[in-house]
Amino acid sequence: MKIAVFTVACALMAGGAAFAQDAPAPAPAAPAPGATDFTDQQIDGFAEAVVQIQDVAADTTLEQADKKSRMAAIVDEAGLDPQTFNAISKAVQSDTELQQKVQMAIAQQQGQTSNQ
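The numbering used here runs 336 ahead of the 1-based position in the sequence shown.
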């Protein structure tokens, strides 16, 4: 189950990352940071955003443009800018330590969501 949830989350992160690319390109940034460069707060915000983005992505009643705007708002409400969200999305694919942190944070978010 954890693997399936993480696989879905990664797929959504890759798809969700595309919404941030619609904005004008900022000046070139430094290389994507590693897991140790992301704070626990950023990882928790990322996990919160991923869980909510999954719900938006699964909503078949929304138009694609509306989904993108809602996903962007979710990222913002989670306290992340699109560049940080995308950097975590990219780093989680190759950094096993970060993968584990994100998996645990997502599991906690899903537990909190189901308890509400």
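All residues carry an ideal CB built from backbone N, CA and C; glycine is no exception.
If you're wondering where the values come from, they're calculated on a predicted model, not measured in any experiment.
Counting along the chain, GLY381 sits inside the alpha helix (DSSP H) bounded by residues 376-394.
Taking C-beta separations shorter than 7 Å and ignoring five residues to either side along the sequence, the partners of GLN445 in its chain run ALA383, GLU384 and VAL387, following chain order. Of the other Cβ atoms in all chains shown, 16 or more fall within 10 Å of the Cβ of THR420; this residue is therefore buried.
DSSP assignment within the region 413-441 yields the following whole alpha helix (DSSP H) runs of 4 residues or more, N-terminal first: 418-428. A distance below 6 Å between beta-carbons, with the five flanking residues on each side excluded, links ALA414 to the following residues of its chain, in chain order: GLY381, GLU384 and ALA385.
Note on geometry: alpha-carbon atoms of ALA441 and GLN390 lie some 15 Å from one another. Burial state of ALA423 is buried, judged by a 10 Å Cβ sphere holding 16 or more other Cβ atoms.
Nearest neighbour of THR375 by Cα position, chosen from VAL438, GLN448 and ALA443, turns out to be VAL438.
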